Structure formats: C-alpha cells, structure tokens
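Inspection log for the structure reproduced underneath, given as structure tokens.
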Amino acid sequence: MNKINRSIHTAQERIASGKRINSAKDDASGLAIAQRLTSMSEGLLAATRNANDAISMVQTAESGMSGITENLQRMRELSIQAANGTLSDADRGYIQSEVNALKDEINRVVDTTSFGGRKLLNTDETLNFQVGSEAGDTVSVEIGNMGEQMQSLGIGAIDLSSAEGANNAIGVIDQALEDIASTQAELGAVQNRFESTINNLASSNIS
Numbered sequence: 045m046n047k048i049n050r051s052i053h054t055a056q057e058r059i060a061s062g063k064r065i066n067s068a069k070d071d072a073s074g075l076a077i078a079q080r081l082t083s084m085s086e087g088l089l090a091a092t093r094n095a096n097d098a099i100s101m102v103q104t105a106e107s108g109m110s111g112i113t114e115n116l117q118r119m120r121e122l123s124i125q126a127a128n129g130t131l132s133d134a135d136r137g138y139i140q141s142e143v144n145a146l147k148d149e150i151n152r153v154v155d156t157t158s159f160g161g162r163k164l165l166n167t168d169e170t171l172n173f174q175v176g177s178e179a180g181d182t183v184s185v186e187i188g189n190m191g192e193q194m195q196s197l198g199i200g201a202i203d204l205s206s207a208e209g210a211n212n213a214i215g216v217i218d219q220a221l222e223d224i225a226s227t228q229a230e231l232g233a234v235q236n237r238f239e240s241t242i243n244n245l246a247s248s249n250i251s
C-alpha cells in the first residue's frame with residue numbers, strides 16, 4: 045500500500061509540475077543533466093543582463109563626453125575670436141568670463157556623469173562585466189579619468205587675456221578634442237562587442 049501511495053504521489057508531482065524528473069529518485073543522471081542545463085540557461089540570462097547594463101553605462105559615458113566636446117568646441121570658437129589684436133581688454137574680459145563658465149560646466153559634467161551610483165568620467169577604475177556562463181567570460185571597460193586628462197592638458201588654465209594666450213588655447217583645446225574623440229571611438233568598439241555578445245548569448249541560450 046505504501047509503495048502504491050508513493051507511486052501515486054510521484055505521478056501527481058509530475059502532473060503538477062509538467063516535468064518527468066522532480067527528484068533524483070526519478071532519474072539521477074537525468075536530473076543532474078537537467079540541473080546543469082538550467083544553471084547554464086540562468087547564467088546566460090544573467091550574462092545578457094550584464095551586457096545590457098554595460099551598454100547603458102557606455103552610452104551614459106559617451107553622452108557625458110559629448111557634452112564636454114560641445115563646451116570645448118565653444119571654447120575653441122572663443123579662442124579664435126580672442127586671437128585678434130584689435131580687441132580691447134574689456135572685450136577679452138567678456139570672452140574670458142564665458143570661457144570660465146564653460147570650464148565650470150566641463151568640471152560639472154565630469155563630476156556628475158554616473159551610472160548606477162558609480163561615477164564614470166573621474167576615475168581610472170577598470171570595470172569588468174561577466175558576459176558568459178563560465179568564469180573567464182568577462183569584458184573589461186576602461187573609460188579613463190577625463191578630469192585628470194583635462195587638467196594635464198591645461199584646459200583649466202586657459203587664459204584669453206592676450207592674443208598669444210588665445211593662440212595657445214587653440215592648440216590645447218584641439219588636443220583635448222582629439223583625446224575625447226579617441227576615447228569615444230574605443231567605447232563605440234566596446235559597445236559593438238557587447239551587442240555582438242548579446243546576439244551570441246541569445247542564440248546559445250537554452251529555454
């Protein structure tokens with residue numbers, strides 16, 4: 045009678061769950077395989093979420109860099125305007141005031157661009173993303189410290205009080221724009237890699 049009751053209970057479990065295997069006693073090797081496949085599937089889904097998060101993070105960083113680029117381009121325009129020997133001291137003072145405001149805005153963007161509470165443009169930290177079910181399936185992202193880069197180039201020290209200073213500023217700004225464009229190109233390549241990874245994960249996932 046007990047054996048019959050156990051058989052009935054097992055049958056009911058299978059009917060309720062829709063699965064042939066509910067525990068090791070049903071099929072020990074089959075259960076192990078099923079659990080491994082389930083683990084792989086869940087791992088691939090988590091990896092896909094990680095890759096999507098990474099794409100969002102990269103896009104946020106790129107957006108911040110685009111804001112910095114816009115401000116630098118305006119500073120370059122003002123520097124060209126200031127490289128004019130006919131300007132008065134008052135004229136240069138007005139131009140410098142706008143340049144100072146643009147410097148402040150660049151600093152604000154660097155300090156506030158963040159994703160998930162993590163600042164992106166003022167750190168040298170390398171961020172690692174698990175994008176597969178195996179331990180070594182990681183992609184690293186290094187954005188770079190834009191604040192330090194701007195400082196080392198001398199963006200904060202730009203002084204348009206003379207035509208000579210304005211000419212020097214043009215070269216400094218051009219270098220900053222080139223560095224940002226290079227970083228954005230690298231981030232674009234990383235984003236493409238994450239998108240390719242997501243496509244591969246979708247084709248590999250086991251439902």
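Under this note's numbering, the first residue of the sequence shown is numbered 45, with each subsequent residue one higher.
A virtual CB, placed ideally from N, CA and C, is assigned to each residue, including glycine.
These figures come from a predicted structure and were not determined experimentally.
Looking at the structure shown, is T182 part of a helix, part of a strand, or coil, going by DSSP? Here residue 182 is taken as the residue at index 138 of the sequence shown, counted from 1. Correct three-state label for T182: strand.
Inter-stretch contact at 8 Å, needing at least 3 Cβ pairs: the region 194-201 / the region 158-171: no
Is the beta carbon of T167 closer than 7 Å to that of E186? Numbered from its first residue, the sequence shown carries residue 186 at position 142. Numbered from its first residue, the sequence shown carries residue 167 at position 123. Not closer than 7 Å, so no.
Separation of A229 from S100, as counted between CA atoms: Stepping through the sequence shown from its first residue, residue 100 is reached at position 56. Stepping through the sequence shown from its first residue, residue 229 is reached at position 185. Their backbone Cα atoms lie some 16 Å apart in a straight line.
S123 versus T157, I214, S158, residue with shortest Cα-Cα distance: In the sequence shown, residue 123 corresponds to position 79, counting from 1. It is I214.
Under the three-state DSSP convention, the category L221 falls into: Counted from its first residue, the sequence shown places residue 221 at position 177. Helix, per DSSP.
Should L204 and Q140 be called a contact, given that it needs their Cβ atoms to be closer than 7 Å? Position 160 of the sequence shown, counted from the first residue, corresponds to residue 204. Position 96 of the sequence shown, counted from the first residue, corresponds to residue 140. Against a cut-off of 7 Å, the Cβ pair of Q140 and L204 comes out as a contact.
Please return the same chain residues whose Cβ sits closer than 8 Å to the Cβ of A246, not counting the five positions on each side in sequence. The residue given as residue 246 occupies position 202 in the sequence shown. Cβ neighbours of A246 beyond the five flanking positions: T92.
What's the gap between the Cα of I224 and the Cα of N212? Stepping through the sequence shown from its first residue, residue 224 is reached at position 180. Stepping through the sequence shown from its first residue, residue 212 is reached at position 168. Answer to the nearest angstrom: the Cα atoms are 19 Å apart.
The beta strand (DSSP E) spanning N172 covers which residue range? Start at 1 with the first residue of the sequence shown, and residue 172 comes out as number 128. Taken as a continuous stretch (DSSP letters only), the beta strand (DSSP E) holding N172 covers 170-174.
Going by the beta-carbon positions, is the gap between L146 and N115 smaller than 7 Å? As a first step, residue 146 is located in the sequence shown; it is residue number 102 there, counting from the start. As a first step, residue 115 is located in the sequence shown; it is residue number 71 there, counting from the start. Cβ distance < 7 Å, so L146 and N115 count as in contact.
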